[in-house]
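Have a look at the structure below, then the notes.
In our numbering, the protein residues as written are 118 to 183.
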């Protein structure tokens, strides 16, 4: 275990139970946010091929230069 991880664990151990619950909630929030962002990026990447014909055309080339 890295020193920073151990230091964090020691700090958490010093908190009262209610604060530990808050820390756990915050960690869960961070993980959920990361999962959501990963899904958004994956969906965007998956849709790129579908939109390529629409995005890459001569009529819209003027917008590409903006």
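We put the CB at the ideal spot given by N, CA and C, even for glycine.
- Secondary structure of residue 132 (DSSP, three-state): coil.
- DSSP places residue 119 in the coil class of the three-state scheme, outside both helix and strand.
- Its chain contains no residue whose beta carbon lies nearer than 6 Å to that of residue 131 once the 5 sequence neighbours on both sides are disregarded.
- Each residue's CA atom was taken as its position, placing residue 155 and residue 169 some 22 Å apart.
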